[in-house]
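I have placed the structure first, in the form of structure tokens, so that the comments after it can refer back to it.
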Amino acid sequence: MGYSIACQASGEEFCQRVWAVVRRIPAGRVMTYGQIADHLGCPGRARAVGHAMRFSPPTVPWHRVVSSRGMISERPDRESMAEQRRRLEAEGVRFDEAGRIDLRLYLWDPSEGESGTPA
DNA sequence: ACTGTGACACAGG
DNA sequence: CCCTGTGCCACAG
């Protein structure tokens with residue numbers, strides 16, 4: 094309903110597809126904005142994935158989406174960033190001194206299947 | 001239609 | 001490895 098206010102016209106369907114992929118990410122694993130765009134056959138639309146996250150409904154584990162550098166993306170709402178880190182740590186994701194996570198351990202690819210090993 | 005802004009990404013230096 | 005510039009695309013004014 095009101096969640097796709099910024100995802101109208103051609104963008105709404107895109108947001109729906111993004112959310113569908115994010116919902117499949119297993120707990121304790123993550124995907125990057127660009128990786129999701131590529132997986133949907135839309136290389137170059139990483140920023141659009143960011144928009145989809147901004148308006149994602151409660152049923153979407155948005156906290157499992159990070160930047161290609163393994164960092165929590167900058168945004169006006171600092172509390173949202175803190176919440177993202179809390180949720181990831183609660184799922185066992187470890188952050189280093191610089192606030193980065195090791196993508197070699199946590200990055201998940203849809204082709205791995207849901208039963209992917211939690212690092 | 002044009003411009004500014006943003007939960008991105010990659011190439012250079 | 002860090003910082004900067006450039007390319008992107010979608011949305012708001």
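Numbering-wise, this note's numbering comes out as the position in the first sequence, counting from 1, plus 93. All C-beta atoms in this analysis are idealised placements derived from N, C-alpha and C, irrespective of residue type, glycine included. Quantities reported herein were computed from a predicted structural model and do not represent experimental measurements.
- G163 and L196 have their C-alpha atoms spaced approximately 6 Å apart.
- Three or more beta-carbon pairs separated by less than 8 Å are not found between the stretch 182-192 and the stretch 104-114, which leaves the two stretches without contact.
- Going by DSSP, M174 is part of the alpha helix (DSSP H) stretching over R171 to A183.
- Here M146 has W155 and V158 as same chain residues with Cβ atoms under 7 Å from its own Cβ, once five neighbours each way along the sequence are excluded.
- Taking a contact as a CB-CB distance under 8 Å, the pair R117 and E207 counts as one, their CB atoms being some 7 Å apart.
- Taking a C-beta distance under 8 Å as the contact criterion, W112 and V142 do not qualify as a contact pair.
- Note: M124 is bridge-paired with V158 in the DSSP secondary-structure output.
- Bounds of the alpha helix (DSSP H) holding L196 are L196 to Y199.
- Distances from the alpha-carbon of P151 to those of G192, D202 and V115 put V115 closest.
- Ranked by Cα distance from S173, the options F148, S161, I194 and I129 are led by F148.
- Taking every protein chain shown into account, the CB of R138 has 16 or more other CB atoms within 10 angstroms, so this residue is buried.
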